[in-house]
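In our numbering, the protein residues as written are 4 to 339. Glycine is no exception: its CB is placed at the ideal position from the N, C-alpha and C atoms. Reading through the structure tokens given below for one structure.
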């Protein structure tokens, strides 16, 4: 077995990479939520001075990256790799932002699991000796996601009770081989799980089985229990998906306690009109790299198991009646 592998699906980093700085930008609705004080920039509107929402998302991602670079006292030319992805076709938000950042770029698509995917791959590059400084980033935008995956917002379609609201925002993290800050100590890469759900308005249920599978294997590989972590955090299962997660885990003999939460439930308050909660690449991105990261720096949390979740479908696959596969990637972030 490879030296860095632990169990069947987990890798443990021999030299855990450090998250030395982060940058988070969110939209106005996210700025009215309970985590607002831990975001670096709250936008006054969704347009950001651009003529299309797609251009706005690119600018939001650029700003998050620049905030992280500035916080780390780095320039784009100091980066050895930029790893980024989003929800749009051909990941245009990330690719267009990368042409401004100008670092060597690897574009990723893991749907809403991209936040964890980028951090895991960045950690692997650093621990493997292939890089010293990596930027991991992701973004999403309410209007761009609605246009691509659901209905143009001008139609004012009534939202189903299972539907979630895509988070407008972007997160960026600077990973280094040395430095101060929380470290990524191990990671469990998810596998695609499909239980046959076809409703694009119920992505929480589509993703929950994948989250349960990844969590089960992570705990098994590392010989840990949920209570061994200060926080077990899923990406964007929302109100419906978190209930389903609990039911699936019970069948596996796992019970989540009060140290469990979901980014999609944390980012908005209960009195906001957000259906079943938040979703999108930026959901786990801004919560983890904003609120959770800063809580770790304050000494409030020391060990977090982050499980970003994604629904791997496209507008075309949905129109053709395909089911919606789910994916979930997990990583452990620890503050010494």
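*Where does residue 125 fall in DSSP's three states?*
helix
_CB-CB length for residue 249 against residue 267, believed under 8 angstroms_ = Not really, about 15 angstroms apart at Cβ, beyond 8 angstroms.
*Look at the alpha carbon of residue 306 and the alpha carbon of residue 276, and state the distance between them as a whole number of angstroms.*
32 angstroms
*Could you give the uninterrupted runs of the alpha helix (DSSP H) lying entirely in the segment 11-86, keeping only those of 4 residues or more?*
56-74
*Sorted by chain position, which residues of the same chain lie with C-beta nearer than 6 angstroms to residue 299's C-beta, five sequence neighbours on each side aside?*
185, 338
*Which of the three DSSP states, helix, strand or coil, is assigned to residue 279?*
coil
*Compare the beta carbon distance of residue 141 and residue 114 with 8 angstroms and say whether it is the shorter of the two.*
no
*Selected residue, minimal CA-CA separation from residue 327, among 316, 27, 231, 92*: 316
*For residue 242, which option in 164, 26, 325 has the closest C-alpha, if you only look at C-alpha atoms?*
164
*asked:* Judging by CA-CA distance, which residue of 237, 68, 117, 37 is the nearest neighbour of residue 91?
replied: 117
*Taking the C-alpha atoms as reference points, what is the distance between residue 54 and residue 97?*
18 angstroms
*Could you please give the first and the last residue of the uninterrupted alpha helix (DSSP H) stretch that includes residue 97?*
95-104
*asked:* Pop quiz: residue 182 and residue 207 are said to be a contact at Cβ under 8 angstroms. What is the actual Cβ separation, rounded to whole angstroms?
replied: Between residue 207 and residue 182 the Cβ distance is about 36 angstroms, and since that is not below 8 angstroms, they are no contact.
*Is DSSP giving residue 91 helix, strand or coil here?*
coil
_Starting from residue 331, trace the beta strand (DSSP E) in both directions and tell me its first and last residue._
329-337
*Determine the direct distance from the alpha carbon of residue 93 to that of residue 212, and round the result to whole angstroms.*
27 angstroms
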